[in-house]
Amino acid sequence: MSQHYIATPLRRALEKTIKEARIVAEEGAADAIRRLGVAEAKAPAYLSDSEKELRRSLRAHARTLGDRLDSDLNEQEVKRLVEAAAYAHWHRMLFARFLAERGLLRHPEHNVPVTLEDCREIAQEEELADAWAVAERYAASMLPAVFRIDDPVLSLTLDPAQGQTLHRLVTDLDGDVFQAEDSLGWTYQFWRVAEKDAANKAGVKIGADEISAVTQLFTEPYMVRFLLHNTLGAWWAGKVLAASPTLAQRALDEDALRAACSPPGYSFDMLRFVKEVDGDDGRWRPAAGEFPGWPKEARAITMLDPCCGSGHFLTEALAILIALRKAEEGLSAPDAVVAALSENLHGLEIDGRCVQIAAFAVALTAWRIGGWQALPQPHMPGSAHRRYLWKNSRHSRTVILTCGSASRLYTVCSHKHQSSAA
33 MSQHYIATPL RRALEKTIKE ARIVAEEGAA DAIRRLGVAE AKAPAYLSDS
83 EKELRRSLRA HARTLGDRLD SDLNEQEVKR LVEAAAYAHW HRMLFARFLA
133 ERGLLRHPEH NVPVTLEDCR EIAQEEELAD AWAVAERYAA SMLPAVFRID
183 DPVLSLTLDP AQGQTLHRLV TDLDGDVFQA EDSLGWTYQF WRVAEKDAAN
233 KAGVKIGADE ISAVTQLFTE PYMVRFLLHN TLGAWWAGKV LAASPTLAQR
283 ALDEDALRAA CSPPGYSFDM LRFVKEVDGD DGRWRPAAGE FPGWPKEARA
333 ITMLDPCCGS GHFLTEALAI LIALRKAEEG LSAPDAVVAA LSENLHGLEI
383 DGRCVQIAAF AVALTAWRIG GWQALPQPHM PGSAHRRYLW KNSRHSRTVI
433 LTCGSASRLY TVCSHKHQSS AA
């Protein structure tokens, strides 16, 4: 299975664009929030009734983000609100182009694909500012796990000059950026680089505001594939070799084994094997082991990434699980996509923004493999980790961790399952 990853020159251009976009978006968001008087004790007299209602919603939303209200003066902090608004407006635009470049942007009412040129014509018919006003609205409706319909920051209107600058920035990006499988992960790394650098330079104790930025590490695609191929892939190869003892004994080399043990539509190209020596004979087996304590069928596996970031492990695992379920159950690609998302794949993350990007990355992978369809809500809560882990692991037969000790968690979850059954 061939995948396309972003080239270094394009990655550098993406970094430059994202950094500039954040500055422009935050300036635009701050201006819009200032005009509504969100930080002030009283609403400006020039606001309409709808603007006053939006102001109230934004003040309440700011407090949910962690901005403080001075109860004595009735003045509201807006630092986090400004950043949240900037993030939402830029990423809605960026994600719209991801969808358009991959032929996935769709009309929400007619459920047909649309291009940016179609959006331009629709904008003229509806007397909207430009094609982006349409594309962003359509993208948001397609991605409820990323852009909440009731998020008040999306109701803000940025100054036209700043909006046009953002449009130019996203339009000037090379089209190959939006085809690369790892571009999404890099976008959030670059968005948070200012906080990461500031926290590292300050040398102070890392708190809740800094931890998600400081602890971000980009996992290269080859690392992801190696780890998953030698866990999920090794488990699958163990099943294949058990069903074909002759293959385990007579395969010429690892390449032959990788080809024989890969399911249709996916290649375990980084799966490693060793040959056990038994006198003059020997049997090939996966180097990482065959995981005999795991379920017998792919449908019973629960894949959990407890620090999923922007979804690098989840997207690769989804592709693997889809291929395994197609091979085992004879499912079509669209049905295997829904089955894997509904029953196999789970992610946790302390950074809610990372969860949003992971959800989008998973959706793009699902649509790439199975074609366009409405997808089930992903199992990716951004908080309440312990409660979620307990709720789901007690009913699962195995949990595979991409970070930490898989065997230890398997033991814990198995014990919980047995205790609850008793």
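Residue numbers (my numbering): 33 to 454.
Even glycine gets a Cβ: it sits at the ideal position worked out from N, Cα and C.
Task: Residues of its chain near Leu188, where Cβ-Cβ distance is below 6 Å and the 5 sequence neighbours each way are ignored - done: Ala64, Ala117
Open item on the list: Three Cβ pairs or more, each shorter than 8 Å: is that satisfied between the segment 84-97 and the segment 210-219?
Closed with: no
Task: Segment contact flag, the segment 374-385 with the segment 336-346, C-beta cutoff 8 Å, min 3 pairs - done: yes
Open item on the list: Taking the alpha helix (DSSP H) that Asp150 belongs to, which residues open and close that run?
Closed with: 148-157
TODO: Say whether the segment 220-237 touches the segment 153-164, bearing in mind that this needs 3 or more beta-carbon pairs closer than 8 Å, one atom from each stretch.
DONE: no
Open item on the list: I'd like to check one pair, Leu136 with Leu350: are the Cβ atoms closer than 9 Å?
Closed with: no
- [ ] Compute the beta-carbon to beta-carbon distance between Ile352 and Leu264, rounded to the nearest angstrom, for a pair I have assumed lies under 8 Å.
- [x] 5 Å
Open item on the list: DSSP three-state label for Trp316, please.
Closed with: strand
Task: Reduced DSSP secondary structure (H/G/I, E/B, other) of Gln108 - done: strand
Task: Distance between His261 and Ser374 (C-alpha atoms, nearest Å) - done: 22 Å
Task: Runs of beta strand (DSSP E) lying entirely within the segment 358-397, each at least 3 residues, in chain order - done: 377-379
Task: Validate contact between the segment 395-412 and the segment 182-198 using beta carbons, cut 8 Å, 3 pairs - done: no
Open item on the list: Please tell me whether Ala275 and Ala319 are closer than 9 Å, where the distance is taken between their beta carbons.
Closed with: no
Open item on the list: What would DSSP say about Pro145, mapped onto helix, strand or coil?
Closed with: strand
Task: Nearest-angstrom beta carbon gap, Ala391 and Leu177 [assumed within contact, 8 Å] - done: Checking the sequence shown, residue 177 turns out to be Ala, not Leu. Their Cβ separation, rounded to whole angstroms, is 4 Å, which keeps Ala177 and Ala391 in contact under 8 Å.
- [ ] Let me know if Pro324 comes out buried or exposed under the rule of 16 or more other beta-carbons within 10 Å of its beta-carbon.
- [x] exposed
Task: Beta-carbon proximity list for Lys126, same chain, < 6 Å, skipping 5 on both sides - done: In the sequence under discussion, the amino acid at residue 126 is Leu, which differs from the Lys named in the question. Around Leu126: Val202.
Open item on the list: Count Cβ pairs between the segment 104-122 and the segment 52-71 that sit closer than 8 Å; are there 3 or more?
Closed with: yes
- [ ] Enumerate in chain order the residues of its own chain whose CB-to-CB distance from Ala45 is below 8 Å, with the five nearest sequence positions on each side excluded.
- [x] Leu205, Asp206, Val209
Open item on the list: For Ala503, count the other beta carbons within 10 Å of its own beta carbon; 16 or more makes it buried, fewer makes it exposed. Which is it?
Closed with: Within the shown structure, residues of the chain are numbered from 33 to 454, placing residue 503 beyond reach of any answer.
Task: Spatial neighbours of Ser294 in its chain, beta-carbon cut-off 6 Å, leaving aside the 5 residues before and after - done: Phe300
TODO: Rounded to whole angstroms, what's the CA-CA distance from Tyr37 to Phe258? Just pull it up for me.
DONE: 16 Å
Task: C-beta contact flag for Ile181 and Ala172 at 9 Å - done: yes
- [ ] Measure the Cβ-Cβ separation of Phe250 and Trp218 and say whether it is below 9 Å.
- [x] yes
Open item on the list: Give me the residue from Leu148, Val225, Tyr170 with the minimum Cα distance to Thr49.
Closed with: Val225
TODO: Give the secondary structure of Arg138 by DSSP, where H, G and I count as helix, E and B as strand, and everything else as coil.
DONE: strand
Task: Glu133 in three-state terms, based on DSSP - done: helix
TODO: Would you kindly work out how many angstroms separate the C-alpha atoms of Arg468 and Phe222, rounded to a whole number?
DONE: Given a span of 33 to 454 for the chain in the structure shown, any question on residue 468 remains unanswerable.
Open item on the list: Please identify the residue among Lys328, Asp383, Pro296, Asp337 whose C-alpha is closest to the C-alpha of Ala359.
Closed with: Pro296
TODO: Within 10 angstroms of the Cβ of Lys362, are there 16 or more other Cβ atoms? Answer buried if so, exposed if not.
DONE: Correcting the residue identity first, residue 362 is Gly in this sequence and not Lys. With fewer than 16 Cβ atoms within 10 Å of its Cβ, Gly362 is classed as exposed.
Task: Extent of the continuous alpha helix (DSSP H) run through Asp337 - done: Asp337 -> not in any alpha helix (DSSP H); beta strand (DSSP E) instead, spanning 334-337.
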